[in-house]
Every structure is written in structure tokens, then in C-alpha cells.
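Numbering (this note's numbering), first residue to last: 300 to 599.
Inspection log for the structure reproduced underneath, given as C-alpha cells.
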């Protein structure tokens, strides 16, 4: 009789299996990062300098940037900020404001800053070198004590004034001016509030981590923002409230405390409004193709 073979049972090593899984995930992550190298994303858009002039479409791919996401995100974030501050943190105003009005006086310094060709950027931007606050007067508001113990600047949002018999060129220029001033004053808010102890010395290091938080929010809630835009058009305000509550819960689950949650919301709102500026800018992709294919340009 042939001798019976010994049956050996191969035992799996959970530790080695986990190491192999991690190596596979890292390789996949590196592959995706290589494919996206040079592309624009919300991480970089959240740090964009605000410069005087018209915006233009990016020459690099940014498929996640579209009008519906920006509109939905704006509505949801405004709802979340309003709920978090009990309606005290936001200040809406038309642009251009009526002459000699308080808002006209507040914006005068910012308008001078813009016309002088000066730029702004948020406190958490890479190599921001201590932040920048544009000219102008900023109204202070008292928010719930669990957010900030001291008054902070109001979060100002500008909407276009309804003017009759206005030439298209003048209307376009005023629209760009309105968007730039709004963003410059949001940068001022992020810089002033970024100096408070709650943000500067907070547990989540928001002056370093905010761009990553913004990108995480936009990636995670992209579909929710699309639904929020649609539901708003259909009168579904409750959908926006639910998404806003979910957004705040998500930020808190990621160890952000009250003041840091508000800071992250304003930073995300700022990034979304930068995205809207890019989308409303002139399409320059044809110029990009000319520069890429023109032999003489390549030689230079």
C-alpha cells in the first residue's frame, strides 16, 4: 500500500494579510495621485489668492466643479451657519449699496483696496505669512458663547442690486467687482477670526488643516449639494436643513469643536464662491490649445 500523505493545514497570518492590504491601498492611492497630478481640486481652490480682474476657466481638469454643486453648497452652508449662530452671524447686503448708506461706508476701504490692485488670501493658505486683512469697516456681531466668547465680524454676503436700464458691460463689471469684494471680505473674516485663541490654539490646528477639511466636505457632500440645489428649486427647504445638520454633525464627528466648525463652514463657503467665479469667467480653453500646439510658442 502506498503511504498516506500528511495533510498540512496552511495557517494565515492576519498581520501579514493586513500589511499586504495596506501595501495594495498605498499603491492604488499613489496611482490615483499620479493620474491627478497637476489637476485642480478643492484643496487648492480653497487657498486661491483673490486678485483684481476677471476670472478665467482653468486649463487643468476639475470635473467636480460645476454650477449645480456650487449653488447647492452655498444654500446648505448658509443654512448651517444660520443654525449654528442662531441667525446672528450672517449679514446680507445689496451691491452696489445705496450711496451714503452704512454698508457703502463699510465697503469703501475694500473698494479702494481692490482698485489699488492689491490681493487677499485666507489665513490658512500655504505660505500665507501671517494673513492679510483688506481695507474697510467690519461690523461685529455676538454669536453664541460656545462658539466665540467675544464679538466677531459678521459674515457678509453681497447680492446684486436690481438696477434698471444698465448696460450689459457695466452690469458684468459690477458683478465681477461684487464677487471680488465679497471674497476679499470673507478672507478678512477668516484672517481676523483666525487670530482668536479658539482657532489659533484650537485642538484641530485649523490654520494648517482647513484646506484638507474643505476638500473632504466637498468630496463627501457633493451629491447632497446637488440634491439641495434641486430641492430648493422645488421648494424643499427641509431637505436643505437636513443636509446642513448632517454637515455640522460630520464636522463635529471629525473632532472639530464649535468655533472650528463655524470656521470650516465659512472656509468652505469661500471656496465654493471662488468656484462660482471660475465658472462665470470667460472660457480660455481655446487659448490653452493654441499655446500647447503652437510650435513657435513651444520653442520660446
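No residue lacks a Cβ here, since even glycine has one placed at the ideal position from N, Cα and C.
These numbers come from a predicted model, not from an experiment.
For residue j and residue i, the rounded distance between their alpha carbons
| i | j | result |
| --- | --- | --- |
| residue 454 | residue 352 | 23 Å |
| residue 506 | residue 466 | 42 Å |
| residue 384 | residue 396 | 25 Å |
| residue 354 | residue 590 | 19 Å |
| residue 345 | residue 513 | 7 Å |
| residue 322 | residue 315 | 10 Å |
| residue 356 | residue 475 | 14 Å |
| residue 405 | residue 556 | 31 Å |
| residue 460 | residue 403 | 13 Å |
| residue 592 | residue 350 | 29 Å |
| residue 452 | residue 439 | 4 Å |
| residue 582 | residue 418 | 23 Å |
| residue 326 | residue 450 | 48 Å |
| residue 427 | residue 420 | 7 Å |
| residue 566 | residue 348 | 13 Å |
| residue 416 | residue 365 | 29 Å |
| residue 584 | residue 472 | 22 Å |
| residue 412 | residue 391 | 21 Å |
| residue 400 | residue 414 | 20 Å |
| residue 601 | residue 363 | Because residue 601 is not part of the residues shown, which for the chain are 300 to 599, the question remains open. |
| residue 318 | residue 508 | 28 Å |
| residue 551 | residue 320 | 30 Å |
| residue 541 | residue 398 | 39 Å |
Beta-carbon gap between residue i and residue j smaller than 9 Å
| i | j | result |
| --- | --- | --- |
| residue 487 | residue 432 | yes |
| residue 437 | residue 394 | no |
| residue 492 | residue 520 | no |
| residue 497 | residue 442 | no |
| residue 571 | residue 372 | yes |
| residue 562 | residue 510 | no |
| residue 484 | residue 579 | no |
| residue 503 | residue 575 | no |
| residue 549 | residue 516 | yes |
| residue 341 | residue 518 | yes |
| residue 368 | residue 525 | yes |
| residue 680 | residue 456 | What is shown of the chain runs 300 to 599, which leaves residue 680 out entirely. |
| residue 543 | residue 382 | yes |
6 Å CB neighbourhood of residue i in its chain, flanking five on each side removed
| i | result |
| --- | --- |
| residue 564 | 376, 379, 380 |
| residue 568 | 376 |
| residue 308 | Here the model assigns residue 308 a pLDDT of 49, short of 50, so the residue's position is not dependable and the matter cannot be decided. |
| residue 361 | 339 |
| residue 470 | none |
| residue 445 | 557 |
Own chain partners of residue i with C-beta closer than 7 Å, once the 5 adjacent residues on each side are dropped
| i | result |
| --- | --- |
| residue 422 | 430, 489, 490, 493, 506 |
| residue 553 | none |
| residue 409 | 433, 434, 435, 480, 483, 484 |
| residue 495 | 447 |
Reduced DSSP category for residue i - H, G, I as helix; E, B as strand; rest coil
| i | result |
| --- | --- |
| residue 490 | helix |
| residue 393 | strand |
| residue 495 | coil |
| residue 339 | coil |
| residue 373 | helix |
| residue 347 | coil |
| residue 419 | strand |
| residue 308 | Confidence in residue 308 is poor, its pLDDT being 49 and thus under 50, which makes the residue's placement too unreliable to answer from. |
| residue 503 | coil |
| residue 522 | helix |
| residue 384 | coil |
Residues near residue i in its chain [Cβ-Cβ closer than 8 Å; skip 5 each side]
| i | result |
| --- | --- |
| residue 499 | 493, 506 |
| residue 324 | none |
| residue 501 | 556, 558, 559 |
Worksheet item: Which runs of the alpha helix (DSSP H) spanning at least 4 residues fall entirely within the stretch 539-592, listed in chain order?
Response: 557-579, 584-592
Worksheet entry | Every unbroken alpha helix (DSSP H) inside the stretch 428-484 [4 residues or more] | none
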